[in-house]
Structures are given as C-alpha cells and as structure tokens.
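Let me begin by presenting the structure, written as structure tokens, before commenting on it.
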Amino acid sequence: MALTLDVPIVSSTGRAFPEHRGLALGLVKSYVGLSGSLATLAYQAAFRPRVAPFVLAIALANVAFAAVYLAATARNADAPEPGRDAETRAAAARGLAVALGPSAAAAGTGRVALGALVAAIFGCVLAFLRSRADPDPGAKASALEAPLLSEEPRASDAPDFAFLDAIRTKDFCILFVAFVCSSGPGLILINNLGQIVPAVPSLPEGTEDAFVSILSVCNCLGRLSAGALGDHLLAARGAPRPATLAFFCALTAAAMGLLAIGTPASLYGAVVVGGYAYGGLNGGIVPCYSEIWGFASFASLYSAGSLAEGAASYLMATLLFGSLYQREIKSQGLAASATCVGRGCFLNAALVAAALAAFATLLCVVLAVRSRARYAALYPHFFRNGAIQ
Numbered sequence: 004m005a006l007t008l009d010v011p012i013v014s015s016t017g018r019a020f021p022e023h024r025g026l027a028l029g030l031v032k033s034y035v036g037l038s039g040s041l042a043t044l045a046y047q048a049a050f051r052p053r054v055a056p057f058v059l060a061i062a063l064a065n066v067a068f069a070a071v072y073l074a075a076t077a078r079n080a081d082a083p084e085p086g087r088d089a090e091t092r093a094a095a096a097r098g099l100a101v102a103l104g105p106s107a108a109a110a111g112t113g114r115v116a117l118g119a120l121v122a123a124i125f126g127c128v129l130a131f132l133r134s135r136a137d138p139d140p141g142a143k144a145s146a147l148e149a150p151l152l153s154e155e156p157r158a159s160d161a162p163d164f165a166f167l168d169a170i171r172t173k174d175f176c177i178l179f180v181a182f183v184c185s186s187g188p189g190l191i192l193i194n195n196l197g198q199i200v201p202a203v204p205s206l207p208e209g210t211e212d213a214f215v216s217i218l219s220v221c222n223c224l225g226r227l228s229a230g231a232l233g234d235h236l237l238a239a240r241g242a243p244r245p246a247t248l249a250f251f252c253a254l255t256a257a258a259m260g261l262l263a264i265g266t267p268a269s270l271y272g273a274v275v276v277g278g279y280a281y282g283g284l285n286g287g288i289v290p291c292y293s294e295i296w297g298f299a300s301f302a303s304l305y306s307a308g309s310l311a312e313g314a315a316s317y318l319m320a321t322l323l324f325g326s327l328y329q330r331e332i333k334s335q336g337l338a339a340s341a342t343c344v345g346r347g348c349f350l351n352a353a354l355v356a357a358a359l360a361a362f363a364t365l366l367c368v369v370l371a372v373r374s375r376a377r378y379a380a381l382y383p384h385f386f387r388n389g390a391i392q
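According to the numbering used here, the sequence shown is numbered sequentially starting from 4.
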C-alpha cells in the first residue's frame with residue numbers, strides 16, 4: 004500500500020523540478036527515513052511496553068491525517084477552477100488508501116469492528132465525492148494534467164524508453180543488480196538490529212531503541228543529501244547520477260566492515276554510516292530512472308526497481324543472515340531459540356555483505372560511464388559545448 008502512495012508523489016515531484024530533481028526527490032524521500040525515529044520516540048514516551056495500543060494509535064493517527072486531508076481538498080470542490088473535481092476525487096482515493104492499511108493494522112490488534120468501521124466511513128466519503136463527478140471528466144482531467152505532467156523538452160538523442168524496452172537494456176540490469184547488492188547490506192543492519200545489538204558485548208540492555216533512532220535519522224539525512232550531492236556533481240563536474248550511487252555503495256561496504264569489527268564503538272559507526280548510506284541509495288536511485296530512461300514509463304520502472312529491494316531483503320537480510328546466525332548458535336551449543344552472543348553471530352554475514360557492496364560500487368561506476376552520453380544529451384548546459392569531456 005505504501006508504494007501506491009509513493010509512486011505518484013515521486014513521479015509528480017520529479018517532473019515538477021527538472022533542474023533540481025535530485026534535491027526535490029531527496030526531500031520527499033527523507034521523510035520516510037525520519038518516520039522510524041519519530042515512531043520510536045512516540046513508543047518510548049507514551050506506550051512502552053504496550054505494543055497493541057501503539058499499533059492502534061498509529062492506525063487512528065493515519066486515519067485522522069487522511070480525514071484532515073480530505074476535508075482540506077473537498078472544501079474547494081465547488082470552485083470553478085478547471086480540474087477541481089478530478090483533483091478532489093484523486094485526493095479522496097489517496098485518503099482511502101491511507102486509511103485502509105492502518106485500519107487493517109487496528110483490526111490485527113483484535114479491534115476488527117473498529118477497523119471495519121473506519122474503512123466503511125472512508126468508503127462512504129469516497130462514494131460521495133465520486134457522485135459529484137463532472138459529466139465531462141476528460142476535459143477537467145486534461146486541464147489538471149497540463150502544467151505539472153507535461154513532458155519537458157528533451158534532446159533528440161535522449162529519447163524516452165517504453166517499459167519493456169527499458170527493462171531489457173543492459174543499463175537497467177546493471178542498476179537492478181547493483182541495487183540488490185547494495186541495499187541488502189543496509190537491510191541486514193536494519194532488519195536484524197534486534198539480534199545484532201544483544202550479540203555485541205558491553206552494551207547495556209534496552210539500547211536497541213537508541214540504535215533504531217540513530218539509524219532512522221541518518222537514513223533521513225542520507226536520502227536528503229543524496230539528491231543535493233547528485234545535483235551538485237552533475238552541475239559542477241558533469242558526473243552522471245550513478246557516480247553518486249557508487250559513493251554510497253562504497254560507504255555501505257565501509258559500514259559492513261565496521262560491523263564486522265564487533266565492538267560497541269564500531270557498531271555505533273556501522274549504524275551511522277550504514278543508515279546514511281542506505282538512505283543515500285534509496286534517495287539517489289530515484290532520479291536515475293527518469294534521467295536514463297525518460298518519463299514515459301517512470302512509474303513502472305520505479306515500481307520494478309523496488310523489487311530489487313524486496314529481493315535483497317529476502318535473500319540477504321533473511322536467508323543469508325538467518326542461516327549464518329543459526330549456524331553460529333549451533334556452534335556455541337545453544338538452543339535454536341537462544342540469543343547468540345559474540346562477534347561471530349554476524350561476522351560472516353557482514354563480510355559477505357561488504358563484498359557485495361564493493362561489487363555494487365564497481366557496477367555503479369560502469370553504469371556512470373555508460374550513461375554519460377545520455378546525461379550529456381539531457382543536460383547539455385552542464386557539459387562544455389554540450390559534448391562529453
């Protein structure tokens with residue numbers, strides 16, 4: 004459900020700010036990184052250790068935000084501006100999407116009736132707004148799309164790719180594999196902090212929440228700085244966007260090296276560097292889809308690229324880390340459900356992840372070289388005489 008909200012927001016933002024696309028998308032994506040820290044602070048301050056009320060509060064908060072958003076957009080539904088009805092109905096659809104997921108979470112805590120009631124309320128609101136549809140929605144929809152979704156001028160040698168044509172290119176395969184190899188190490192750290200932190204000696208109990216907050220803030224900063232850094236290198240040095248990804252892949256390898264050391268200080272460094280690098284990868288890769296393959300199939304390419312992160316989560320954060328973690332538990336003669344203690348619990352996984360991140364760095368360098376001609380055609384004013392130097 005989160006992807007259904009993310010894709011249209013990212014697509015519209017990327018089109019609206021062509022000269023500062025990286026920074027604009029970084030700002031949008033940075034809030035995702037910060038949300039984990041805010042949720043952790045809210046849990047510690049008001050709910051700990053009661054998990055069920057915390058999940059319910061998140062559900063109701065999302066429903067409340069969606070209701071406010073609907074009210075703000077529906078208030079001007081009768082305005083004579085072109086496309087206002089279409090915009091209102093689109094807002095209602097987004098509000099319904101935001102509400103249904105948290106409602107399911109509320110139902111998961113045993114409050115089935117409450118979840119169903121909230122979903123029914125927003126269903127009625129959506130039906131009401133749809134009943135106010137204009138008899139000629141096509142004209143208003145086209146008026147709504149006019150300024151923001153219009154195609155930006157593009158050089159003749161930088162054409163847009165259809166979706167099937169784009170995913171069959173070598174460049175997409177390189178980017179996809181690089182994202183699998185580079186996001187996997189970050190997900191190892193994020194998804195398994197609950198096992199990594201207790202395994203490090205000399206750390207007091209209950210520090211997992213602090214590490215989650217640190218990682219979340221660094222994730223946010225990485226997403227924000229990735230866009231700004233990519234824009235700066237492109238404008239000042241003519242460096243294609245994948246060169247920025249190579250930098251964050253190298254940081255990911257360094258973070259895994261710090262994790263392999265296995266001391267409290269190195270764990271703090273791994274969380275800071277790893278969270279920053281993971282955020283940078285997620286923020287920096289988004290403009291690549293539109294700049295290398297154009298906006299014709301940007302939403303589809305962005306969604307397809309997100310599959311790389313899902314594959315990395317399963318293959319590396321679950322299968323790889325889980326199997327090596329259980330192997331270390333057996334070597335220590337502990338029960339399968341016991342808590343593993345010592346650097347060996349995550350050493351091998353960290354070394355494999357560091358090697359994969361280094362391989363992703365090389366792939367991004369290759370992609371930067373291959374895509375330089377595309378960037379020179381797309382941004383000729385950033386390249387001297389419009390040519391490749």
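C-beta: ideal position from N, C-alpha, C; glycine also.
Taking the C-alpha atoms as reference points, what is the distance between residue i and residue j?
i: residue 193; j: residue 244; result: 25 Å
i: residue 18; j: residue 172; result: 23 Å
i: residue 312; j: residue 182; result: 7 Å
i: residue 304; j: residue 180; result: 14 Å
i: residue 234; j: residue 334; result: 49 Å
i: residue 341; j: residue 201; result: 11 Å
i: residue 326; j: residue 256; result: 21 Å
i: residue 398; j: residue 366; result: This structure gives no information on residue 398, because the portion of the chain shown stretches from 4 to 392.
i: residue 294; j: residue 227; result: 18 Å
i: residue 57; j: residue 51; result: 8 Å
i: residue 301; j: residue 292; result: 6 Å
i: residue 377; j: residue 250; result: 20 Å
i: residue 296; j: residue 309; result: 16 Å
i: residue 3; j: residue 218; result: In the structure displayed, the chain extends from 4 to 392; residue 3 sits before or after that span and is not available.
i: residue 262; j: residue 237; result: 32 Å
i: residue 343; j: residue 212; result: 19 Å
i: residue 380; j: residue 163; result: 12 Å
i: residue 315; j: residue 357; result: 14 Å
i: residue 168; j: residue 362; result: 26 Å
i: residue 198; j: residue 210; result: 12 Å
i: residue 220; j: residue 338; result: 35 Å
i: residue 307; j: residue 205; result: 43 Å
i: residue 175; j: residue 369; result: 12 Å
i: residue 170; j: residue 178; result: 10 Å
i: residue 351; j: residue 253; result: 19 Å
i: residue 54; j: residue 45; result: 12 Å
i: residue 28; j: residue 290; result: 8 Å
i: residue 286; j: residue 336; result: 43 Å
So which of the options has the shortest CA-CA distance to residue i?
i: residue 288; options: 212, 261, 230, 350; result: 230
i: residue 260; options: 26, 65, 346; result: 346
i: residue 25; options: 225, 42, 325; result: 225
i: residue 280; options: 364, 170, 371, 168; result: 364
i: residue 283; options: 307, 242, 185; result: 185
i: residue 242; options: 20, 385, 54; result: 385
i: residue 321; options: 195, 63, 59, 47; result: 195
i: residue 31; options: 198, 382, 16; result: 16
i: residue 189; options: 61, 319, 266; result: 319
i: residue 360; options: 306, 258, 382; result: 258
i: residue 355; options: 254, 338, 221, 191; result: 191
i: residue 349; options: 331, 338, 339; result: 331
i: residue 240; options: 60, 383, 66, 12; result: 383
i: residue 299; options: 29, 166, 42, 253; result: 166
i: residue 353; options: 328, 317, 336; result: 328
i: residue 62; options: 42, 48, 47; result: 42
i: residue 270; options: 203, 286, 208, 290; result: 203
If you run the structure through DSSP and keep just helix, strand and coil, what is residue i?
i: residue 343; result: coil
i: residue 206; result: coil
i: residue 288; result: coil
i: residue 212; result: helix
i: residue 382; result: coil
i: residue 172; result: coil
i: residue 226; result: helix
i: residue 198; result: helix
i: residue 337; result: coil
i: residue 162; result: coil
i: residue 278; result: helix
i: residue 298; result: coil
i: residue 394; result: There is simply no residue 394 to check, as the chain begins at 4 and stops at 392 in what is shown.
i: residue 390; result: Any reading at residue 390 must be qualified, since the residue scores a pLDDT of 41, below 50, and its modelled position is unreliable; the value itself is stated next. Three-state result, residue 390: coil.
i: residue 113; result: Bear in mind that the predicted position of residue 113 carries a pLDDT of just 41, short of 50, making it too unreliable to give a figure here.
i: residue 57; result: helix
i: residue 68; result: helix
Which two residues bound the contiguous alpha helix (DSSP H) that contains residue i?
i: residue 266; result: No alpha helix (DSSP H) contains residue 266, which DSSP labels as neither H nor E.
i: residue 242; result: Residue 242 -> no alpha helix (DSSP H), and no H or E assigned at all.
i: residue 351; result: 350-373
i: residue 308; result: 301-315
i: residue 51; result: Here residue 51 belongs to no alpha helix (DSSP H), and DSSP marks it neither H nor E.
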